[in-house]
Amino acid sequence: MILLGIDPSYTRTGLAVLHCGDIPGTERVVATGTIKTPAHLSDQERCREIAVQCETWARSYGAEAVGIENQYTGHLDKRVGLRLAALRSAIEQRLLGSLPAEAVVQVAPAQRQAALGVSNRLGRADVKRRVVEAVQRRYKLEVCDDEADAIGIGLAAWRLVRRGAKAEQLRMTLRTSRKARL
Numbered sequence: 013m014i015l016l017g018i019d020p021s022y023t024r025t026g027l028a029v030l031h032c033g034d035i036p037g038t039e040r041v042v043a044t045g046t047i048k049t050p051a052h053l054s055d056q057e058r059c060r061e062i063a064v065q066c067e068t069w070a071r072s073y074g075a076e077a078v079g080i081e082n083q084y085t086g087h088l089d090k091r092v093g094l095r096l097a098a099l100r101s102a103i104e105q106r107l108l109g110s111l112p113a114e115a116v117v118q119v120a121p122a123q124r125q126a127a128l129g130v131s132n133r134l135g136r137a138d139v140k141r142r143v144v145e146a147v148q149r150r151y152k153l154e155v156c157d158d159e160a161d162a163i164g165i166g167l168a169a170w171r172l173v174r175r176g177a178k179a180e181q182l183r184m185t186l187r188t189s190r191k192a193r194l
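For the sequence shown, the numbering used here gives the first residue as 13, with consecutive numbering after it.
In structure tokens form, the structure reads like this:
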């Protein structure tokens, strides 16, 4: 299965194309890159440009599924959170023109980190550093943090698509419930 992982951002959107087989641990990184948009463009123009380029990547590599990070914006102000939600929505809407709805999945930051084996109890800077290190160690690639995040998002999306979103949600709920009892 060919997956496209997307780490959306107005300044530098990370992209990664992965080829994932039936056996976990045999995935390959096919391509990585970033989309940079000029700051002088309006948010609407930037959203459109990023969404078009994401669709171009998906089509040119024959992506069968796409994972888009659903950023946690608790530490940001509400305006930033709304801007990021608008960007994610623009990308999703553009991709839904060529992919079925169940093939476009949202990935939480914790799922991205878990897919790369990075602890969820670190500060933001440590997480970024460890995600890049995990990708470099696992795939022997030199990538920026946005590309490394996109690889993790692609891996997490593969888990969601392979197991189904409901199964992943159930697994997370069960894990939380066990901790609550202790």
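Note that CB positions come from ideal geometry on N, CA and C, so glycine has one too.
* Check whether Y283 and R71 have beta carbons under 7 Å apart -> The chain is shown from 13 up to 194; residue 283 falls before or after that span and cannot be answered.
* Return the CA-CA distance between W69 and R171, expressed in angstroms with no decimal places. => Distance between the alpha carbons of W69 and R171: 21 Å.
* Quick one: is R193 buried, meaning 16 or more other Cβ sit within 10 Å of its Cβ, or exposed? -> In this prediction, R193 scores a pLDDT of 48, lower than 50, which makes its location untrustworthy; the coordinate-derived value is nonetheless stated afterwards. Around the beta carbon of R193, fewer than 16 other beta carbons lie within 10 angstroms, which makes this residue exposed.
* Opposite Q118 in the DSSP bridges: which residues? -> DSSP lists I80 as partners of Q118.
* Asked: Helix or strand or just coil, what does DSSP make of T68?
  -> If DSSP states are grouped into helix, strand and coil, T68 belongs with the helices.
* If we ignore side chains and look at the alpha-carbon of each, how far apart do I103 and T46 end up? -> Cα to Cα, the separation comes out at about 14 Å.
* Once you ignore the five residues that flank E180 on each side, which residues in its own chain have a CB closer than 6 Å to its CB? -> Unreliable positioning characterises E180 in this predicted model, as indicated by a pLDDT of 49, which lies under 50. The coordinate reading is nonetheless provided below. Exclusion of the five residues before and after E180 leaves L172 as the residues of its chain whose Cβ lies within less than 6 Å of its Cβ.
* Asked: alpha helix (DSSP H) containing I165: first to last residue?
  -> That run of the alpha helix (DSSP H) goes D157 to R175.
* Mind checking whether G74 and I163 have CB atoms under 7 Å apart? -> Not closer than 7 Å, so no.
* To do: Using beta-carbon positions only, say whether G17 and G166 come within less than 7 Å of one another.
  => A Cβ-Cβ contact shorter than 7 Å links G17 with G166.
* Count the other CB atoms within 10 Å of the CB of V147; is the residue buried (16 or more) or exposed (fewer)? -> By the neighbour-count rule (16 or more Cβ atoms within 10 Å), V147 is buried.
* Name the DSSP bridge partner or partners of G45? -> For G45, which the question treats as bridged, DSSP gives the partners L27.
* What does D19 pair with, by DSSP beta-bridge criteria? -> Among the bridge pairs identified by DSSP, D19 is matched with G26.
* To do: Report, in whole angstroms, the separation of the C-beta atoms of A168 and V78, which I expect to be a contact under 8 Å.
  => No, A168 and V78 are not in contact; Cβ-Cβ is about 12 Å, not under 8 Å.
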